[in-house]
C-alpha cells in the first residue's frame, strides 16, 4: 500500500497534485490532502473525483513549529512509514506587499516550514520513497550576488540553513538588505533548494542503497491568480498541466543524477 502526503493542497498546484496522484494510484493506497484551514481541506477532499486512491484530509499548518513532527508521528503510527511526500505549502506575496511586514510569517511557512518537513518525514521514508520540495528556478545561485553564495553553499546541516534564513529575515526587517535582492522569493527559494541539498548530502549513501529520492522540483510558470500579479501567465500551463512532471518525478524510477538536485521536467537545473 502506497501512502503519500501533499502540503499546501487545498488549491492550485497542490490540489492538482493530490488529484493526479490519487488517479495514478490504487484504491488500497492513501493520499493525504493537507492544509491549514479545516473548511478548505474538507471542501478540497469533497471535490476529488471518484476512483483511484483514497484521499484523506488532514489539518497541517506548516508555520506551526510542532505540526510537522506531530503529523509525522501520527502517520508512522497509522502506516509504519510513508512513500511519497511533496512539500508544496507556500505563502504567496504580491507586488504591493511590504517585505518588512510579511517576512516573519513568510519565512515560517516557506523556509522553516520546509526544514521542519524534511526533518520530520525523511526518517519515515520507506524503500523507493520520494521526498520532493516544490521550489523554483529562482532557487539557484545565478540569481544571488556572489558575495552571498557561501551563505548557502557552506552549511552542512538544516540548522545552519535555518540560521542563514534567520539572518536574511532579520536583515529585511532591519532594512539592512545591502546585497540581498529586493524580491523575497529569490533568497527564500534558494534557501529551500539549499536545505534539500544539505539533507541529501547527509543521506546520500543510504538512500542510494534503498532507492530513495530526495530532490527539489521546479514546476515552471503556472497560470494562477497569484502569478498573474507579477507576470503575464495567459499562455502558461494550468495547475493540472504543471502537476504532470512533478508526479512523474514522484512515481517514476529514481535516476541517480537527480538525487539532491533541483529538477524541472526531468532535467537537473544546476545550483551554481
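In the working numbering, the protein residues as written are 14 to 285. Idealized CB from N, CA, C, for every residue including glycine.
In the DSSP assignment, the beta strand (DSSP E) including residue i goes from what residue to what residue?
i	result
residue 37	Here residue 37 belongs to no beta strand (DSSP E); instead the alpha helix (DSSP H) covers 25 to 37.
residue 143	138 to 147
With respect to the alpha helix (DSSP H) encompassing residue i, which residues constitute its N-terminal and C-terminal limits?
i	result
residue 282	From DSSP, residue 282 is part of no alpha helix (DSSP H) but of the beta strand (DSSP E) over 280 to 282.
residue 58	51 to 59
Go ahead and pull the three-state DSSP assignment for residue i.
i	result
residue 17	strand
residue 45	strand
residue 96	strand
residue 111	coil
residue 65	coil
residue 80	helix
residue 126	helix
residue 157	coil
residue 131	helix
residue 85	helix
residue 91	helix
Which partner residues does residue i have in the DSSP bridge list?
i	result
residue 72	48
Taking Cβ positions, are residue i and residue j nearer each other than 8 Å?
i	j	result
residue 113	residue 197	no
residue 232	residue 26	yes
residue 263	residue 97	yes
residue 227	residue 273	yes
residue 106	residue 169	no
residue 205	residue 127	yes
residue 138	residue 95	yes
residue 151	residue 101	no
residue 191	residue 119	no
residue 44	residue 75	no
Could you tell me whether any Cβ in chain D is nearer than 8 Å to the Cβ of residue i?
i	result
residue 28	Reference to chain D is not applicable here, since this structure consists of a single protein chain.
Please list the segments of the beta strand (DSSP E) lying wholly inside the stretch 238 to 277, counting only runs of 3 or more residues, in order along the chain.
The qualifying runs are 275 to 277.
Which ranges does the alpha helix (DSSP H) cover as unbroken runs of at least 4 residues, wholly within the stretch 160 to 238, from first to last along the chain?
If we require 4 residues or more, the alpha helix (DSSP H) runs fully inside the stretch 160 to 238 come out as 163 to 166, 171 to 186, 198 to 223.
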